[in-house]
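Numbering (the numbering used here), first residue to last: 69 to 447.
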């Protein structure tokens, strides 16, 4: 049987292939990286990946995945650059000539890849990364302006031209059906899960996320740290698109004596922070299914979330609490978990069990393979 040729597109995913490259990266890129490298281990799949330009060769192979260099996403995307980028991406998509093209997270690339697939009768798979991806209105994480409107319009064109949509939770599945009349397939995020036995090293409360004012709200974690002067807090907060906001957050964090601010941690080192954390805090306004929830759970770290709670998972699996945008409740639940060792221990064990049962990469990839094989067989 001829291997199924799959091409994935994600500009910031290159860090996962080469941790020496200091660039933005997040959960959307991680999931595509995990999918690509696992599929590449199977001779039934031929895996190609289009990534951004970070000074690497135009083509290279890492972990069995063939990598193609696109343009540098860190540079400002002016009108000419957007048009030129469209042309260059189409050339790379054509060069790959894949059976299936996969892209994740709302952006220009969604529409570009979808239009290419439609024109060339290829299968396009979109993977939702945020609840707002499937909403009718423009997401809060999109900037204002003409280019942002173009980005949103192209994304919606892309979503309407998908052959298959992976969603992260039931809410996304329902909204996708309502707004786009498409049947999404729930795909749980896939992670490598190690055996965890020691819990004695846990010593601080952790926050991990980009310095993104629109969605992540890191300033709330800084305020939380001020409320617990005798507890240690650690904040891993790399720069996002707004350098001024990043510098503001960094300055505020540095002024809190019990808060350690870290502006960058390579992905291959981040698990150490989750392993040593007593509790993980999420202050985001909106997300899809945070990879940080799974990183916390697989390291026996209970979760406190200000807003995000996909399918009510925190209470359903008894691995944490969601405070429904109530800061006082967030503060009280943190106090409760810090004081009640029995409750903390129970939630830590529940979290680890939940991660194994729901997010083990071996289970998820087996499902992925079946779905992709059926997609190729379909008309």
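Backbone N, C-alpha and C fix where the C-beta goes; we use that ideal spot for every residue, glycine too.
Query                                                                                                                 : Result
Sequence ranges, alpha helix (DSSP H) only - wholly within the stretch 155-198, length at least 4                     : 176-188
Residue ranges of each alpha helix (DSSP H) within the stretch 299-360, 4 or longer                                   : 311-322 and 335-344
Euclidean distance between Cα positions of residue 334 and residue 366                                                : 18 Å
Proximity of residue 239 and residue 199 at Cβ, strictly below 8 Å                                                    : yes
Rounded separation between residue 449 and residue 218 - CA only                                                      : Lying outside 69 to 447, the shown extent of the chain, residue 449 is not represented and no answer is given.
Residue 443 and residue 115 closer than 8 Å at C-beta                                                                 : no
Burial state of residue 106, where buried means 16 or more other Cβ atoms lie within 10 Å                             : buried
Heavy atom of the ligand MN within 7 Å of residue 239 beta-carbon                                                     : Summarising the ligand content, the structure contains no ligands, and the ligand MN is consequently not present.
Own chain partners of residue 132 with C-beta closer than 6 Å, once the 5 adjacent residues on each side are dropped  : 108
Residue 202 versus residue 298: straight-line alpha-carbon distance, rounded                                          : 42 Å
Residue of 236, 317, 279 and 194 minimising C-alpha distance to residue 225                                           : 194
Cβ-based neighbour list, residue 308, same chain, cut-off 6 Å, excluding 5 preceding and 5 following                  : 278, 279 and 280
Straight-line Cα distance separating residue 282 from residue 310                                                     : 10 Å
Contact the stretch 412-432 vs the stretch 391-403: 3+ CB pairs below 8 Å                                             : no
Given residue 347 as reference, the closest of 405, 319 and 393 once Cα atoms are compared                            : 405
As assigned by DSSP and simplified to three states, the class of residue 430                                          : helix
Spatial neighbours of residue 69 in its chain, beta-carbon cut-off 8 Å, leaving aside the 5 residues before and after : 112
Assumed close pair residue 110, residue 438 - CB separation to whole angstroms, cut-off 8 Å                           : Not a contact, Cβ separation roughly 12 Å.
At least three beta-carbon pairs within less than 8 Å, the stretch 322-329 to the stretch 425-432                     : no
Residue 130 - partner residues in DSSP beta bridges                                                                   : 133
Under 8 Å between C-beta atoms of residue 139 and residue 126                                                         : no
Whole-angstrom C-beta distance between residue 90 and residue 332, which should lie under 8 Å                         : 6 Å
Range of the contiguous beta strand (DSSP E) that encloses residue 116                                                : 113-119
Bridge-paired residues (DSSP) for residue 76                                                                          : 117 and 170
Cβ separation of residue 336 and residue 87, assumed to be a contact under 8 Å, to the nearest whole Å                : 5 Å
Proximity test, Cβ basis, 8 Å: residue 285 and chain C                                                                : In the structure shown, chain C does not exist; there is a single protein chain.
Residue 273, DSSP secondary structure in three states                                                                 : strand
Burial state of residue 237 (16 or more Cβ within 10 Å)                                                               : buried
Backbone secondary structure at residue 252 - three-state DSSP                                                        : coil
Opposing strand residues paired with residue 499 [DSSP bridges]                                                       : Only positions 69 to 447 of the chain appear in the structure, and residue 499 is not among them; the question remains open.
Residue 290 - containing alpha helix (DSSP H), residue span                                                           : 286-295
According to DSSP, residues forming a beta bridge with residue 235                                                    : 254
For residue 276 and residue 78, the rounded distance between their alpha carbons                                      : 21 Å
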